[in-house]
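My numbering applies: residue 6 is where the sequence shown begins, and numbers increase by one. Cβ atoms here follow ideal geometry from the backbone N, Cα and C, with glycine treated the same way. Here's the structure, in structure tokens; my notes come after.
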Amino acid sequence: MRNSGNLILASLSESDATALRPHLKSVHLDHQKVLFEAGGEVTDIYFPTGAIISLVVGLSSGEIIEAAMVGKDGVVGAFAALGGISVNRAIVQLPGPALICKVSELKSAMLQSHSLLSMLFRHEQTVYAQASQSAACMAAHQVEARLCRWLLRARDLAGTDNLQFTQEFLAEMLGVKRTSVTLHAHTLQQAGMIKYSRGHIQITDLEALQETVCECYGTVKTYYHALLGPQTV
């Protein structure tokens, strides 16, 4: 599946790709569509090819905070085929295409292929590593550095410097007030790193943004490359 647009599928052996191909269906995922809830039933597994999906933690206050971001370098819901349960809500943060298959179909293919099983385990480990790093980042780093990390990760997955996100959405994902995002986005804009208007952020100085970001951005990339290979973003 070299031209699928999803790096996990592209990395599969020909035999694994052949086993999965008949079960994959193309869909378009709309902005803020909830794919499954924490503790809820998972029936479909998603391989994003253009969409970006956030795995978020919901609090009793109604707040939600992002634990991990998955796009073309990953798969959402694979834990269900491995016998796990959903511990996060999965919500579409950037609309776009994806390939989906039923949990039962991926599980059947996985049970017949050690290499596919190994790949899914490694992927789930990278998602866990990303969520762990995000927790440490929120506890130890300033909002500006965290905002840079989020923007760079989103840029990697979207493949563009132009990102369609509102400040309200960014505030939710970062677990801060909207006024805090406004303040730090203004600082980044004044420094020439980004331009923003309502619902749109353009990265204008990638190198400066990379110099401002906290260590967590690079750490997560290192985990992805170590566990899933250099083809990941």
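On a Cα-Cα basis, can you pick out the residue from Ile-206, Val-218, Gly-204 and Gly-164 that is closest to Leu-12?
Gly-164
For Ile-69, I'd like the list of residues in its chain whose CB is within less than 6 Å of its CB, leaving aside the five on either flank, ordered along the chain.
Val-61, Gly-63 and Glu-177
Do three or more CB pairs link the segment 145-164 to the segment 106-117 at distances below 8 Å?
no
Is the segment 88-101 close to the segment 39-49, with three or more CB pairs under 8 Å?
yes
Tell me the rounded alpha-carbon separation between Glu-46 and Ala-213.
43 Å
Inspect the beta-carbon positions of Ser-139 and Ala-72 and report whether they are closer than 8 Å.
yes
Can you name the start and end residues of the alpha helix (DSSP H) that Ser-109 belongs to?
108-116
Report the rounded CA-to-CA distance for Val-81 versus Ser-59, giving the unit in angstroms.
9 Å
For Ser-9, count the other beta carbons within 10 Å of its own beta carbon; 16 or more makes it buried, fewer makes it exposed. Which is it?
buried
Quick check on DSSP: helix, strand or coil for Asp-210?
coil
Beta-ladder partner(s) of Pro-102, from DSSP
His-33
State the start and end residues of the unbroken beta strand (DSSP E) segment that holds Met-124.
That residue, Met-124, is in no beta strand (DSSP E); its alpha helix (DSSP H) goes 119-145.
Cα-Cα, which of Ile-57, Gln-98 and Phe-84 is closest to Asp-78?
Ile-57
Among residues of its own chain, excluding the 5 on either side of Thr-131, which ones have a beta-carbon nearer than 7 Å to its beta-carbon?
Tyr-228, Tyr-229, Leu-232 and Leu-233
Can you tell me the Cβ-Cβ gap for Ala-134 and Phe-52, rounded? I've got them flagged as a contact below 8 Å.
Their Cβ separation, rounded to whole angstroms, is 20 Å, which puts Ala-134 and Phe-52 out of contact at 8 Å.
For Met-178, which residues does DSSP report across the bridge?
DSSP output for Met-178 lists no bridge partner at all.
Since Tyr-222 contacts Arg-154 with CB under 8 Å, what's their CB separation in whole angstroms?
4 Å
Any idea if Leu-188 is buried or exposed, counting beta-carbon neighbours within 10 angstroms, 16 or more meaning buried?
exposed
Quick one, are the C-beta atoms of Gly-89 and Leu-34 less than 8 Å apart?
no
As assigned by DSSP and simplified to three states, the class of Val-225:
helix
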